[in-house]
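Peer 1: Residue numbers (our numbering): 5 to 214.
In this text, a Cβ means the ideal position worked out from N, Cα and C, and glycines have one as well.
Please read these numbers as outputs of a predicted model, since none were measured by experiment.
I have a structure I would like to understand better, so I am pasting it below and will then ask my questions one at a time.
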Ligand SMILES: [Zn+2]
């Protein structure tokens, strides 16, 4: 890894990392699937960008491409942050966003997020043989913040939208803390096995063999 990039990452994580983030308790809101879909249409139509609007229409125009389903019980505890998933059909070139309904304000965010994965899929062809190093979440995390702005502007469920904002912030702090942990662990490992150590290990091994 490039040293400048590493320094940038360390500084970034040091500024953001907080590992002890309290969970937000969201109120139950019964939002019908039709209301959710209407909100997402209004949201994507509010973009001042034809390409995004066109890609959004490509995602939603295929019948049954979007699934809004009850949240399976297995998504609790460790998996509680999993709100949905977007699968791609690379043969027929179609994304399939799935939303696991939380029955609270998060449903708005999850729907827009998963659809944005589909929009991104149309904007730039993705190859399943390549990894995107996590950058596929860049447009969707941006979309999360735009959704929060959109909901704030609409003036609905104000308290819940505030919680949503805190929840998102907490999520990023936790992510940064995990990255910080991984960087430190790798740096320690790198220090432990430096070229001198390898030289010493080889000479010791040779000595034993002789
Ligand atoms: Zn995502």
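From which residue to which residue does the beta strand (DSSP E) around residue 63 run?
Peer 2: Looking at the DSSP string, residue 63 is not in any beta strand (DSSP E); the run it does join, the alpha helix (DSSP H), is 54 to 65.
Peer 1: Figure out for me which residue from 72, 39, 107 has the closest Cα to the Cα of residue 33.
Peer 2: Of the listed residues, the one whose Cα sits closest to residue 33 is 107.
Peer 1: Taking only the alpha-carbon atoms, compute the straight-line gap between residue 154 and residue 193 and give it to the nearest angstrom.
Peer 2: Rounded to whole angstroms, residue 154 to residue 193 spans 45 Å at the Cα level.
Peer 1: Can you say whether residue 87 is buried or exposed, counting buried as having 16 or more other CB atoms within 10 angstroms of its CB?
Peer 2: Buried.
Peer 1: For the alpha helix (DSSP H) that contains residue 122, what are its first and last residues?
Peer 2: Element bounds for residue 122: 110 to 127.
Peer 1: Need the endpoints of the alpha helix (DSSP H) that residue 40 sits in, please.
Peer 2: Run containing residue 40: 37 to 49, per the alpha helix (DSSP H) assignment.
Peer 1: Considering only C-alpha positions, which residue in the set 158, 163, 167 is nearest to residue 44?
Peer 2: Minimum Cα distance to residue 44 is reached at 158.
Peer 1: What I want to know is whether the C-beta of residue 106 ends up closer than 7 Å to one or more non-hydrogen atoms of ligand 1.
Peer 2: Residue 106 Cβ: outside cutoff for every heavy atom of ligand 1.
Peer 1: What does the alpha-carbon distance come out to for the pair residue 37 and residue 49?
Peer 2: About 18 Å.
Peer 1: Classify residue 68: buried if its beta carbon has 16 or more other beta carbons within 10 angstroms, exposed otherwise.
Peer 2: Residue 68 should be labelled exposed.
Peer 1: Distance check for residue 119 and residue 82, CA to CA, integer angstroms please.
Peer 2: Model confidence at residue 82 stands at a pLDDT of 49, short of 50, so the residue's coordinates are unreliable; what they give is reported in the following sentence. Going by the C-alpha atoms only, they are around 24 Å apart.
Peer 1: Could you check which residue in 91, 98, 51 has the C-alpha nearest to that of residue 65?
Peer 2: The shortest Cα separation from residue 65 among 91, 98, 51 belongs to 98.
Peer 1: For the beta strand (DSSP E) that contains residue 20, what are its first and last residues?
Peer 2: It is not in any beta strand (DSSP E) - residue 20 instead sits in the alpha helix (DSSP H) that spans 7 to 20.
Peer 1: Answer yes or no: the CB of residue 121 versus the heavy atoms of ligand 1, is any distance below 7 Å?
Peer 2: Result yes, Cβ under 7 Å from ligand 1.
Peer 1: For residue 152, I'd like the list of residues in its chain whose CB is within less than 8 Å of its CB, leaving aside the five on either flank, ordered along the chain.
Peer 2: Hits under 8 Å: 113, 165, 168, 169, 172.
Peer 1: Return the CA-CA distance between residue 190 and residue 145, expressed in angstroms with no decimal places.
Peer 2: Those two C-alpha atoms are separated by around 26 Å.
Peer 1: Which two residues bound the contiguous beta strand (DSSP E) that contains residue 148?
Peer 2: From DSSP, residue 148 is part of no beta strand (DSSP E) but of the alpha helix (DSSP H) over 141 to 158.
Peer 1: Given 7 Å as the limit, tell me if residue 164 has its C-beta closer than that to any heavy atom belonging to ligand 1.
Peer 2: No; taking the cut-off as 7 Å, the Cβ of residue 164 has no heavy atom of ligand 1 nearer than that.
Peer 1: Mapping the DSSP letters down to three states, classify residue 71 as helix, strand or coil.
Peer 2: If DSSP states are grouped into helix, strand and coil, residue 71 belongs with the strands.
Peer 1: Residues in the same chain with beta-carbon distance under 6 Å from residue 212, minus the five sequence neighbours each way, listed in chain order, please.
Peer 2: Residue placement at residue 212 is poorly supported in this model, since its pLDDT is 47, which falls under 50; the coordinates still yield a value, given next. So no residue of the chain qualifies.
Peer 1: Give a yes or no on whether the minimum CB-CB distance between residue 61 and chain C is below 8 Å.
Peer 2: Although the question refers to chain C, the structure presented lacks it and comprises just one protein chain.
Peer 1: Which residue marks the beginning of the beta strand (DSSP E) containing residue 93, and which one marks its end?
Peer 2: Start and end: 88 to 93.
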